[in-house]
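**Q** Sharing a structure, written as structure tokens. Questions coming.
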Ligand SMILES: NC(=O)c1ccc[n+]([C@@H]2O[C@H](COP(=O)([O-])OP(=O)(O)OC[C@H]3O[C@@H](n4cnc5c(N)ncnc54)[C@H](O)[C@@H]3O)[C@@H](O)[C@H]2O)c1
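In our numbering, the protein residues as written are 184 to 557.
Here you go:
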């Protein structure tokens, strides 16, 4: 198959969909890979590394889209890219169709096959191509929170790990899923006194088994949250209710019960946030202060560490991309139900329920027929 890797053109996006190691895997299996000039620069990969792995470099994004049977990207295509996408071209990337009607309509009109990272789903309901970014954001939340606790950044002036003779800082984590677990590990590793809350008792049991002794598990409810925020130094919002807006766990009025300089990192801000006063911020201006409380609410945290994020993402996407390249998307999706769940739009038809519902479009459910006819 001919694979194209364009340079991401969305603002501040430095990740790339295929590393030189991924290119070597592809070319080793007889596939041709075309990478746009400087596509990997933001993630630390030079054109020469891609060439050494067997890729050819193309100067323009137009050339990459024109030649490729499968486009591998990171972010959803933006307006300038809509017209470059061709009928029958396979596009494997994050799409998030339910948040953009213009993108949905453009991809329906294009006749392309849109396989969305975010809806590739395992039997147990987990989303293997979202997990790596949650892992990155969870680990970063503690790093960013620890930094924001410094006095020059308007934090309480607390060193999370303490020092001999001085107690460590206190970290409260709301939500014990992927983000929360990674945050707990990092905070515990720094020596902080950590409490992690979830509404799922089975999940709390698992966490109590796997996390170190300086992490306490606690049932998430308003009473417990109100008690714990009073002397927490860093509070991390890491909740998710699949397919819904994040539940509101900390209200504006509750800020008054916190100590001045407490830091709030609302990782769930991309789903509306679980802290009432959090609104999305950017890496250029990540924090703001309300009632003496520092708020960090960056909606695309992994974007700040493109090298790690690219490797984490491509570790997860490459096995699926290889199946698509080796077998073609119809056979790959027929044989692997996880990949089939990623099919959102093909040949002008919507194949994913969430997308059809979001924009009141007809849902094509005859997937077997779809897979054999196309
Ligand atoms: N800001 C960013 O850059 C960024 C990056 C990655 C993920 N995220 C977001 O982080 C959030 C968490 O993602 P995840 O992968 O950890 O999800 P997850 O599904 O693995 O975990 C969510 C956890 O929240 C728990 N939960 C639900 N309601 C709760 C409540 N009221 N109190 C306490 N716990 C509750 C669930 O039981 C679950 O264990 C999501 O909103 C995700 O979109 C943001």
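Even glycine gets a Cβ: it sits at the ideal position worked out from N, Cα and C. Note that the structure is predicted; figures quoted are calculated from it, not measured.
For residue 291, count neighbouring C-beta atoms within 10 Å of its own C-beta (all shown protein chains included) and say buried if the count is 16 or more, exposed if not.
**A** The count along the chain shown starts at 1 and reaches residue 291 at position 108. Its Cβ being crowded by 16 or more others within 10 Å, residue 291 is buried.
**Q** Take residue 349 as the anchor and find which of 375, 332 and 361 has the nearest alpha-carbon.
**A** Here residue 349 refers to the residue found at position 166 of the chain shown. The option with the nearest alpha carbon to residue 349 is 375.
**Q** Output the boundary residues of the alpha helix (DSSP H) element that contains residue 364.
**A** On the chain shown, residue 364 is found 181 positions in, with the first residue counted as 1. Run containing residue 364: 361 to 372, per the alpha helix (DSSP H) assignment.
**Q** Please report the distance separating the alpha-carbon of residue 194 from that of residue 322.
**A** Counting from one through the chain shown, the residue named residue 194 turns up at place 11. Counting from one through the chain shown, the residue named residue 322 turns up at place 139. Their Cα atoms are separated by approximately 23 Å.
**Q** Determine which residues share a DSSP beta bridge with residue 479 and list them.
**A** Start at 1 with the first residue of the chain shown, and residue 479 comes out as number 296. Beta-bridge pairing links residue 479 to 448 and 470.
**Q** Cβ atoms of residue 324 and residue 452: under 8 Å apart, would you say?
**A** Translated into the one-based positions of the chain shown, residue 452 becomes position 269. Translated into the one-based positions of the chain shown, residue 324 becomes position 141. No.
**Q** Relative to the C-alpha of residue 416, which residue among 515, 442 and 480 is closest?
**A** Counting from 1 along the chain shown, the entry for residue 416 is found at position 233. Of the listed residues, the one whose Cα sits closest to residue 416 is 442.
**Q** Can you look up residue 297 in the DSSP assignment and give me helix, strand or coil?
**A** For the purposes of this step, residue 297 is taken as the residue at position 114 of the chain shown. DSSP places residue 297 in strand when its eight states are reduced to three.
**Q** Is the beta carbon of residue 453 within less than 7 Å of some heavy atom of ligand 1?
**A** Here residue 453 refers to the residue found at position 270 when the chain shown is read from its first residue. Checking the Cβ of residue 453 against ligand 1 gives yes.
**Q** Using the DSSP secondary-structure output, state which residues sit across from residue 217 in a beta bridge.
**A** Walking along the chain shown from the start, residue 217 turns up at place 34. Bridge partners of residue 217: 187 and 239.
**Q** Hey, out of 192, 229, 254 and 472, whose CA is closest to residue 214's CA?
**A** The sequence position of residue 214 within the chain shown is 31, counting from 1. Of 192, 229, 254 and 472, the residue nearest in Cα terms is 254.
**Q** Kindly identify the DSSP beta-bridge partner or partners of residue 355.
**A** Within the chain shown, numbered from 1, the residue matching residue 355 stands at position 172. Paired residue(s): 378 and 418.
**Q** Could you check the C-alpha separation between residue 234 and residue 240 for me, to the nearest Å?
**A** By 1-based counting over the chain shown, the position of residue 234 is 51. By 1-based counting over the chain shown, the position of residue 240 is 57. Cα to Cα, the separation comes out at about 7 Å.
**Q** Between residue 438 and residue 474, which are expected to be in contact by the criterion C-beta below 8 Å, what is the C-beta distance as a whole number of angstroms?
**A** Against the chain shown, residue 438 aligns to sequence position 255. Against the chain shown, residue 474 aligns to sequence position 291. Correct: roughly 4 Å between the Cβ atoms.
**Q** Output the residue ranges of the beta strand (DSSP E) runs that lie fully inside the region 246 to 271 and measure 3 residues or longer, sorted by chain position.
**A** With a minimum length of 3 residues, the continuous beta strand (DSSP E) runs that stay inside the region 246 to 271 are 253 to 255.
**Q** Please list the segments of the beta strand (DSSP E) lying wholly inside the region 390 to 417, counting only runs of 3 or more residues, in order along the chain.
**A** Those beta strand (DSSP E) runs which fall completely within the region 390 to 417 and span 3+ residues are 398 to 402.
**Q** Do you know how far the Cα of residue 319 is from the Cα of residue 197?
**A** To locate residue 197, count along the chain shown from 1; it is residue 14. To locate residue 319, count along the chain shown from 1; it is residue 136. Near 15 Å, if we compare the C-alpha coordinates of residue 319 and residue 197.
**Q** Would you grab the beta carbon distance between residue 472 and residue 334 for me? Rounded to a whole angstrom, and I think it's under 8 Å.
**A** Taking the first residue of the chain shown as 1, we reach residue 472 at position 289. Taking the first residue of the chain shown as 1, we reach residue 334 at position 151. Rounded, the Cβ-Cβ distance is 13 Å, inconsistent with contact.
**Q** Among the residues of its own chain, which have a CB less than 6 Å from the CB of residue 295, if the five just before and after it don't count?
**A** Taking the first residue of the chain shown as 1, we reach residue 295 at position 112. Within the same chain, residue 295 has close Cβ partners 268, 272 and 274.
**Q** Should residue 140 go down as buried or exposed, given a rule of 16 or more other Cβ atoms within 10 Å for buried?
**A** Residue numbering for the chain in the displayed model covers 184 to 557; residue 140 lies beyond these limits and cannot be assessed.
**Q** By Cβ distance below 7 Å, which residues in the same chain neighbour residue 328 in space, the five residues on each side in sequence not counted?
**A** Locating residue 328 in the chain shown gives position 145, where the first residue counts as 1. These residues qualify, in order along the chain: 417, 419, 446, 448 and 479.
**Q** Flag residue 358 as yes when its Cβ comes closer than 7 Å to any non-hydrogen atom of ligand 1, and as no otherwise.
**A** Locating residue 358 in the chain shown gives position 175, where the first residue counts as 1. Flag set: Cβ of residue 358 near ligand 1.
**Q** Can you look up residue 465 in the DSSP assignment and give me helix, strand or coil?
**A** Reading the chain shown from its first residue, position 282 is the one you call residue 465. Residue 465: coil per DSSP, three-state reduction.
**Q** Going by C-alpha distance, which of 245, 247, 209 and 203 is nearest residue 231?
**A** On the chain shown, residue 231 is found 48 positions in, with the first residue counted as 1. Minimum Cα distance to residue 231 is reached at 203.
**Q** Just how far apart, CA to CA, sit residue 186 and residue 505?
**A** By 1-based counting over the chain shown, the position of residue 186 is 3. By 1-based counting over the chain shown, the position of residue 505 is 322. When rounded, the distance between both Cα atoms is 11 Å.
**Q** Cβ-heavy atom distance between residue 307 and ligand 1 below 7 Å?
**A** The count along the chain shown starts at 1 and reaches residue 307 at position 124. It does not: the Cβ of residue 307 is nowhere closer than 7 Å to a heavy atom of ligand 1.
**Q** Please look up how many angstroms separate the CB atoms of residue 257 and residue 200, rounded, as I've assumed it's under 8 Å.
**A** Against the chain shown, residue 257 aligns to sequence position 74. Against the chain shown, residue 200 aligns to sequence position 17. Contact flag correct, Cβ pair sits at about 5 Å.
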